[in-house]
Structures are given as C-alpha cells and as structure tokens.
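Notes to accompany the following structure.
Protein chains in written order, with my numbering: chain A, 10 to 124; chain B, 925 to 1037.
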C-alpha cells in the first residue's frame, strides 16, 4: 500500500532562516509521482511541483528547492531565506498505479514564519 | 489562479438541509475530483469523474452524490446535512492521463448549524 509521512506537524522559524520540510513515502510501484502543494491561511490549495520516479534531479525554483532521493524514499522541500508569506500548510502527495493514480496525502506540515 | 472555479465560496445552512456545490474545471481538462477537508480528517478524496463518467470513488457518504455534465462542469450534492459535514470542499481538475497534476479550485467552505 502507498503511504506518505510528513513527520513534522508544525515548524516555526524566524524570517530569513532556511527551512526544510520532510516527506517520506512508501510505494510498491516502480513508476510513481510525487507532489507538493501549499495551503496558505486563505485556504486554497496551490500546486508547487510534480516529480516522476525516473527523474531524481533536484529542482530549484527561486527560493524553493526539492531534493528527491529514491534510496531513502524521500522528497524534501527547502525554502531558502524564508519570508512571512511562506507561512502555510504544506502537503506532500504521492500517486501511482497502486492507488489507481489517486493522490495519497501526507498529513501536512504547518510552517510559521515569524517576522 | 489555477483556472478551476468553485461556487459558492461560503455556505451556511442548517442540519437536515441539502446543498449543491458547483465546479468548473480548467479549460481542456476532462477529469474532475472532489475532496473534503475537515479539521479532524485531513484531505479526503470523495469521487472522480472523467468526461461525464464516474471513474473512482473514495470515502463518499451515501448522502452525497455528484455528477459531471456534458460541458464538463461538476456538481456535488450534499443532503440530510449533519454538523459533521462542516468542512472545506475542494474540486480539482486534471487532463486526460491519470498521472497528470490535479489543479485545485479555491474551495467551498460549508458550515452546518
């Protein structure tokens, strides 16, 4: 069965600090997809990134970067020089044939950036 | 802006009532998904439609039903509402292939009093 674990329930840092959100997954699929979504206090779910299991290259988008490591079944998300606007709940999700491509969600990590 | 629209944004109703939530997918997307997000349950997948046909069912109660119309918009009907149905209801859409990214609408916040 597929599973996504976000062990950090809540993280609080001061603005400009770097912060890493952990995501560990379990799957029997050889082809699968990993996602990160952001849910700011306003409530909407914003897509951040999609990665397939064959692409282990790290991705950087501005202050955001993602580290995909198949060997440890992890897909961690780092925010560099955090800003107050980064405060949100961040969800990691997994999909694959084993789940009929339905998204399997982690519980989310609430990130608080203090000014 | 994801391109997925949902109406209404907020809904307040009483127990026992019935409500309809509406979703329009992104242009070109054929799949529509419904999710419920409550404080104690997290994000729960309810149901998926693809080009008008039901494709997958999740933890959807029998009091809830959905459909996707020929113009691809979808409606989620919630009936005999209970206090515990108070939640944020999301619609998402994606393209033809099942592994494609789901893009979410802004959600409908339902409060049952």
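Glycine included, every Cβ here is placed at the ideal spot set by N, Cα and C.
Span of the beta strand (DSSP E), counted from its first residue to its last, around residue i
{"i": "residue 955 of chain B", "result": "955-962"}
{"i": "residue 940 of chain B", "result": "Segment: none, residue 940 of chain B is in no beta strand (DSSP E) and carries neither H nor E."}
{"i": "residue 88 of chain A", "result": "83-88"}
Within-8 Å CB hit, residue i to chain B
{"i": "residue 72 of chain A", "result": "no"}
{"i": "residue 30 of chain A", "result": "no"}
{"i": "residue 57 of chain A", "result": "no"}
{"i": "residue 114 of chain A", "result": "yes"}
Short CB-CB distance (under 8 Å) between residue i and chain A
{"i": "residue 1026 of chain B", "result": "yes"}
{"i": "residue 980 of chain B", "result": "yes"}
{"i": "residue 1031 of chain B", "result": "yes"}
{"i": "residue 977 of chain B", "result": "no"}
{"i": "residue 966 of chain B", "result": "yes"}
{"i": "residue 969 of chain B", "result": "yes"}
Within 8 Å, strictly: CB atoms of residue i and residue j
{"i": "residue 57 of chain A", "j": "residue 103 of chain A", "result": "no"}
{"i": "residue 54 of chain A", "j": "residue 993 of chain B", "result": "no"}
{"i": "residue 119 of chain A", "j": "residue 23 of chain A", "result": "no"}
{"i": "residue 941 of chain B", "j": "residue 1005 of chain B", "result": "yes"}
{"i": "residue 87 of chain A", "j": "residue 76 of chain A", "result": "yes"}
{"i": "residue 114 of chain A", "j": "residue 970 of chain B", "result": "no"}
{"i": "residue 17 of chain A", "j": "residue 97 of chain A", "result": "no"}
{"i": "residue 943 of chain B", "j": "residue 1017 of chain B", "result": "no"}
Residues sharing a beta bridge with residue i, DSSP
{"i": "residue 119 of chain A", "result": "A/19 and A/98"}
{"i": "residue 76 of chain A", "result": "A/85"}
{"i": "residue 934 of chain B", "result": "B/1033"}
Reduced DSSP category for residue i - H, G, I as helix; E, B as strand; rest coil
{"i": "residue 1008 of chain B", "result": "helix"}
{"i": "residue 104 of chain A", "result": "strand"}
{"i": "residue 93 of chain A", "result": "helix"}
{"i": "residue 1014 of chain B", "result": "strand"}
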